[in-house]
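Just so we're on the same page, the numbering used here is the position in the sequence shown counted from 1, plus 1.
Glycine included, each C-beta is placed from N, C-alpha and C at the ideal position.
Predicted model, so just to flag it, every value in this text is computed and none were measured.
Comments concern the structure below.
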Amino acid sequence: MTDIWYKTCLRCGGEMEEGFALDETYGEKKQGQWIQGEPKKSIWTGLKLSGRKKLPIAAYRCMECGFLDLFARDKA
Ligand SMILES: [Zn+2]
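Have a look at this one:
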């Protein structure tokens, strides 16, 4: 499998550092997730997520200009 992640900033060509999006609720820390489709409200859970595709978000940050590049890759 080819690694499509790159370590150079698209905006300024600076060096990117690896990180991820944080999802912090009620003191619980998790990796943020990308959810397929539009947000639909649920009176039970806040948002309806059943049947949606969910992928963990990886984030690269440029150490020069702060540009963020987000990836939600399907696990192969
Ligand atoms: Zn940059």
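The beta carbon of LEU48 is closer than 7 Å to those of PRO40, LYS41, LYS42 in its chain, skipping five residues each way along the sequence. A heavy atom of ligand 1 is found nearer than 8 Å to the CB of GLU65. In the structure shown, ILE36 adopts extended strand secondary structure according to DSSP, grouped into three states. With a cutoff of 8 Å, PHE21 does not count as near ligand 1, since its C-beta is closer than that to no heavy atom of the ligand. DSSP lists GLU29 as the bridge partner or partners of THR26.
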